[in-house]
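**Q** Could you have a look at this structure, given as structure tokens, before my questions?
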Amino acid sequence: MVDKQEEKKALNSICYGLYVIGSHNTKGKINAQLANTVFQVTNNPAKLAVAIHKENLTYEFIKASKVFSVCSLRKGTSMVFVGNFGFRTGRDFDKFAKVKHKIGKTGSPLILENTLACFEVDVEKEIDLGEHVLFIGKPCSCENILDGEPLTYDYYQCVLKGKEHKRATHG
89 MVDKQEEKKA LNSICYGLYV IGSHNTKGKI NAQLANTVFQ VTNNPAKLAV
139 AIHKENLTYE FIKASKVFSV CSLRKGTSMV FVGNFGFRTG RDFDKFAKVK
189 HKIGKTGSPL ILENTLACFE VDVEKEIDLG EHVLFIGKPC SCENILDGEP
239 LTYDYYQCVL KGKEHKRATH G
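If you count the sequence shown from 1, you need to add 88 to reach the numbering used here.
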């Protein structure tokens, strides 16, 4: 059972920003990617949604495991850290080799650095959006990691001068 106070604090960290979305396959291999489309869709019970491109390895892992993790990044996260999850594929690169993380109760990876809060989510519904799928689910655990402000997509683009990936949800 999710602690409602922890859940409320963690849900307040979600904004239009940058998130690390993780999952695992049936063999226990983990992967994660950046996403900019994560949002809370209901409050009681809390449900989260994420849009994932169908060509991404994380999409394959979410489809197989029916779970995903969401890690809200904190303002001040370096471009090196962001690039580790945003500009390389987990098909041929170990994104977790130099990143402090743990495996959550669903088997999904939870990032423990540069992270405000982590959620583990059980997928309840998928909506095919063409090149993306919107996964909607209920958090089965959450943990507040660090204090700070969320890393917004605006800050990423305007201050960090981050680039948009070709498979991002908007253009």
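The beta carbon of each residue, even a glycine, is placed where N, CA and C say it ideally should be. From a predicted model like this one, the values you see are computed outputs, not experimental measurements.
(1) Inspect the CB distances between the region 226 to 237 and the region 195 to 213 and report whether three or more fall short of 8 angstroms.
(2) Given residue 248, which residues of its chain have a CB within under 7 angstroms of its CB, disregarding the five upstream and five downstream residues?
(3) In the DSSP assignment, find the unbroken alpha helix (DSSP H) run with residue 171 in it and report its ends.
(4) Quick one: residues in its chain with C-beta nearer than 6 angstroms to the C-beta of residue 207, no 5 flanking neighbours on either side, listed in chain order?
(5) Throw me the rounded Cβ distance for the residue 234 and residue 162 pair, which I believe falls under 8 angstroms.
(6) How far does the alpha helix (DSSP H) with residue 242 in it reach, from first residue to last?
(7) Which residues mark the beginning and the end of the alpha helix (DSSP H) in which residue 150 is found?
(8) Can you name, in chain order, every residue of its own chain whose Cβ lies under 7 angstroms from the Cβ of residue 149, other than the five neighbours on each side?
(9) Would you be able to state if there are at least three C-beta pairs under 8 angstroms between the region 232 to 246 and the region 189 to 204?
(10) Whose CA, out of 240, 218, 104, lies closest to the CA of residue 125?
(11) In the DSSP assignment, what are the bridge partners of residue 107?
**A** Well, looking at it:
(1) A contact exists between the region 226 to 237 and the region 195 to 213.
(2) Hits under 7 angstroms: 167.
(3) Residue 171 -> alpha helix (DSSP H) spans 167 to 174.
(4) Excluding sequence neighbours, residue 207 sits near 158, 227, 230.
(5) Sure, about 6 angstroms apart at Cβ, within 8 angstroms.
(6) Taken as a continuous stretch (DSSP letters only), the alpha helix (DSSP H) holding residue 242 covers 241 to 246.
(7) Residues 145 to 153.
(8) In the same chain as residue 149, and ignoring 5 residues on each side of it, the C-beta atoms closer than 7 angstroms to its own belong to 111, 112, 113, 119, in chain order.
(9) Three or more pairs of CB atoms, one per stretch, sit closer than 8 angstroms, so the region 189 to 204 contacts the region 232 to 246.
(10) Nearest to residue 125 by C-alpha distance, out of 240, 218, 104, is 104.
(11) DSSP, once it has assigned bridges, lists 123, 160 as partnering residue 107.
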